[in-house]
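When we follow the numbering used here, the leftmost residue of the sequence shown carries the number 11, and every step to the right adds one.
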Amino acid sequence: MPDGSINGRMITTSTPGGYIPQFVVDRSLPAKIAEDVPAFLKWLSEHPSGISRNTSA
């Protein structure tokens with residue numbers, strides 16, 4: 011962002027197939043995403059050159 015802040019967006023899809031009912035997947039997905047956020051922020055701090063500076067979005 012022009013002011014130096016970060017605007018994060020995430021797109022995810024989960025279709026495990028097999029015998030896992032979709033309602034089980036739907037209920038567990040938010041917790042799994044929340045678990046991934048700290049790992050991503052750690053990666054981001056270790057790879058500053060991986061940050062896109064595209065301001066056209």
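Quick reminder that beta carbons are idealized off the backbone N, C-alpha and C, glycines included. Predicted, not measured: the structure shown is a model, and the values here were computed from it.
CB-CB under 8 Å to proline 26, same chain, minus the five flanking residues each way: which ones, in chain order? Val35
May I have the straight-line CA-CA distance separating glutamate 56 from isoleucine 16, to the nearest angstrom? 16 Å
Extent of the continuous alpha helix (DSSP H) to which serine 55 belongs: Run containing serine 55: 32–56, per the alpha helix (DSSP H) assignment.
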